[in-house]
Structure formats: C-alpha cells, structure tokens
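If you count by this note's numbering, then the sequence shown holds residues 622 to 790, one letter each, in order.
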Amino acid sequence: METRRVRLLAETSMFVALSLVLSYLKIYQLPYGGSITLGSMVPILLLAFRWGLRVGVFGGAVFGLAKMVLDGWVYNPLGMFLDYPLAFGLLGIAALFRERPLLGVVAALTARFISHFISGVLFFWMYAPEGMSPIVYSAVYNGSYILPEMAISCLILYLLDRRGLLTLS
C-alpha cells in the first residue's frame, strides 16, 4: 500500500512538471491568454487514464494553479478559478473514457473549453470587436487554441498507442 502511494505521488509530480515544461513550448500565444503548445495536456490526460478521475482532476487542478502562479492573469477571483484550477482540473474527466482514450481527450478538452468560454463571456467581453456578441467572441477566441490543442493531444496519444507505448495501468 505504501509503495502505491509513493508511486502515485511520484507520477503525479512528474506528469504535472512535464505538463508545465511542455506548456512553455508554444506554437502560438494568444494576446489575452491561451496558447497552442506541443502537447502540454497529454501528461495530465495520461495521469487521469492511469489513476482515475480523482487523481486526474487533482493533477489537472495542481497544474492549473501552477500555471496561474507562474504566468497567470490577475483579474477576478472567479475568472481565475474558471481559467486555471477548474479548466485544467476538468482534464481529469478523461479518466471516464479509459477504454477509448481519444474520446477522453475530446471530452476533457471540451470541458476545459466550456470553463474558458464561461470566463470569456463573463470577464473578457470588453475585448470583443464592436458589434460582436461576447458569446460568439468567447467561442471563437477560446476555440482558436483549444481545438488545435485537442488535435495535437489526440495525435500524440494516437501515435503512442500505435507504437505500443500507451500504457494506461
């Protein structure tokens, strides 16, 4: 039992740290937050697949808090919660799709999108071009980096699986 706890702590720490490092390997950075990275969601998704919902949500939330501390925007407590610990914690729902990892990626990043979308509508509406609905603006803005991030994560997990390197236990 003690060995399992040590392994859980070690893997969670490693996956969160790897996600943080990958989050700085940016393909594109948007002006008001959000970026397309070289697979920074994959370690958190793997953590969720390997250890389950609770650990996945916890690891994602820790990753989100670390991102908030290291390079977050300070604008509103609710917005910060929606954009960091909640949005990244929602990546843990990938665990519900352990048997179908690509579906898990889509579900997890869709949940992350929804959290950022709500934050965008509530707290970033003023950046919408004149005459554009804050709802449309938030959907387009957040979709512009979440969709590529989803595609990159799916591609990486697909390639890991095809090469027999995707170990979910």
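Note that the Cβ used here is the ideal one computed from N, Cα and C, for glycine as well.
Using CA atoms only, rank isn't needed, just tell me which of the options is closest to residue i.
i, options, result
"Met662", "Cys775, Ala749, Thr788, Asn697", "Cys775"
"Leu723", "Tyr649, Gly654, Leu666, Leu651", "Leu666"
"Gly655", "Ala638, Arg625, Trp694", "Trp694"
For the putative contact between residue i and residue j, defined by C-beta atoms under 8 angstroms, what is the C-beta separation to the nearest angstrom?
i, j, result
"Arg671", "Glu632", "7 angstroms"
"Ile767", "Phe734", "4 angstroms"
"Phe709", "Gly681", "4 angstroms"
Keeping to the same chain, check which residues put their C-beta closer than 8 angstroms to that of residue i; ignore five residues upstream and five downstream.
i, result
"Ile714", "Ala669, Leu674, Gly677, Val678, Gly725, Ala728, Ala729, Ala732"
Please classify residue i as buried or exposed, where buried requires at least 16 other C-beta atoms within 10 Å of its C-beta.
i, result
"Leu780", "exposed"
"Asn697", "exposed"
"Glu751", "exposed"
"Leu588", "Lying outside 622 to 790, the shown extent of the chain, residue 588 is not represented and no answer is given."
"Val683", "buried"
"Gly785", "exposed"
"Tyr645", "exposed"
"Asp692", "exposed"
"Leu699", "exposed"
"Pro652", "exposed"
Which residues in the same chain as residue i place their Cβ atom closer than 7 angstroms to its Cβ, once the five residues preceding and following it in sequence are excluded?
i, result
"Val627", "none"
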